[in-house]
Structure formats: C-alpha cells, structure tokens
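The structure under discussion appears below in the form of structure tokens.
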Amino acid sequence: MLLVARLIQGLAHGGELPSSQTYLSEMAPKEKRGFWATLIYTSGTAGILAGTLLGAILTGVLSKADMNAWGWRIPFLVGGALGIYALVMRAKMKETEAFQAEAPTEKREPMWPQIVKYRKQALQVIGLTVGLTVVYYIWGVVAPSYAASSLKMDRGAALWAGVIGNVAFIASLPFWGKLSDRIGRKPVLIVSSAGAALLHFP
253 MLLVARLIQG
263 LAHGGELPSS
273 QTYLSEMAPK
283 EKRGFWATLI
293 YTSGTAGILA
303 GTLLGAILTG
313 VLSKADMNAW
323 GWRIPFLVGG
333 ALGIYALVMR
343 AKMKETEAFQ
353 AEAPTEKREP
363 MWPQIVKYRK
373 QALQVIGLTV
383 GLTVVYYIWG
393 VVAPSYAASS
403 LKMDRGAALW
413 AGVIGNVAFI
423 ASLPFWGKLS
433 DRIGRKPVLI
443 VSSAGAALLH
453 FP
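Residue numbering for the sequence shown follows the working numbering, beginning at 253 and increasing consecutively.
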C-alpha cells in the first residue's frame, strides 16, 4: 500500500510541477521570468530537504527499534497533512491573466490528440528536462539511501550529507535564474547539462 501511495505521489508531483512552472512563467515580468521560474524548484527541493532533515533528526533521536516500529511513519503523516493543505491552496488559486485571455478563444480539445499533434515539441521538452532531473534525483535523493544501504555508511551521516547537498542546490538556484534572464536560457542550459554530465563520472 505504501508503494502504491508513493507511486501516486510521484505521478501527482510530475504532473503538477510543469503546471506550476507555466503558472509562474505567465505571472512573471518578462525580464525576470528565469528568476521566478526557479521558485518552483526552490519550493520543491525545500520539501525534499525537509523530509531528509526530518529523517536525519529522527535517526539521531530514536533507537533503531523505535524507528523501525513507528518512527518511520512520522514523515508520512507530516507529508500527508501538508498535502491536504496544498490541495486546499491549489483549489483556491486564480488563473493567470494570460490564460484567461486565451481561454475564451480556444476550443478545448482532448489531451492525447494534442500530444500526438505536437509530439515533436513534447519530445523536445522531455529531452531538455529529463537529463538534469535524473542527475538531481540520483545525487539529491537516491545517493543518501544508497550510501547507507549499499556502502554501509552511517544512516544519520548519509542523511545529513543529503541535507547539505540540497541546501547548496537551493542556494544556487536564484543565481542561475538571474543569469538566464541576463544571457538567455540556452547558454545556461548547455553549461549546466555539460557540467552535470562531466561531474557524473568523477
């Protein structure tokens, strides 16, 4: 049941993230669009950071027996409560002016025919984002668990390493967003993708 719940959560996150990015981009001033777009990754990573931090704290204060018996449920209970709060906030959000201006003139069409029709653009977007997304999740999310389970690193130390990595990632986001507003999205994307590819093989 927990696995199914996590799969649903992942699908919901994957569907909501691009919608949130579009929402912020439509609201943002044109000259600050890159900076505003980083707020989505800042808030999303803050959630991962909070979960990792909570795990590190619980690992430090609870015995292994208590953690296995009931402590592991605490992050899921906190996440569930925050999820309900986010759902209520999401339901109360107003559409952007750009969306409202287009809505009356556009006929609503089924999703899948639209994806087939614009498959080239869809694949371009997927290709632009999948690489860096995979790199982040490998180092920011999977690495602490791998270090503890496979490399036999102390679980608390591994989680704190994940906390430090995510803090550094969040701190760098505004810089890259502002830089993309100044020199353009393409150079920033090329440099970041090349850097991630090179650093992935130390």
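Even for Gly, the Cβ is constructed at its ideal location relative to N, Cα and C. Keep in mind that this is a model prediction, so the values were computed, not measured.
**Q.** Cβ shell of residue 305 (< 7 Å), same chain only, five flanking positions each side left out
**A.** 415
(Q) For residue 308, which residues in the same chain have their Cβ closer than 7 Å to its Cβ, ignoring the five residues on either side in sequence? (A) 408, 411, 412 and 415
(Q) Only counting the same chain, and skipping five residues up and downstream in sequence, which positions put a Cβ closer than 6 Å to that of residue 443? (A) none
Q: Along the alpha helix (DSSP H) that carries residue 429, what are the first and last residues, could you check?
A: 407-435
Q | the stretch 423-436 / the stretch 287-294 touching (three or more Cβ pairs under 8 Å) | A | yes
Q) Which first and last residues belong to the alpha helix (DSSP H) in which residue 362 is found? A) Run containing residue 362: none; DSSP gives neither H nor E here.
Q) Which of helix, strand or coil does DSSP assign to residue 404? A) coil
Q: Look up residue 328 in the DSSP assignment and say whether it is helix, strand or coil.
A: helix
(Q) What does the Cβ neighbour count give for residue 297, buried or exposed, with the cut at 16 atoms within 10 Å? (A) buried
Q) Around the Cβ of residue 388, are there at least 16 other Cβ atoms within 10 angstroms (buried) or fewer (exposed)? A) buried
Q) Between 257, 448, 435 and 266, which lies nearest to residue 286 when the distance is taken from Cα to Cα? A) 435
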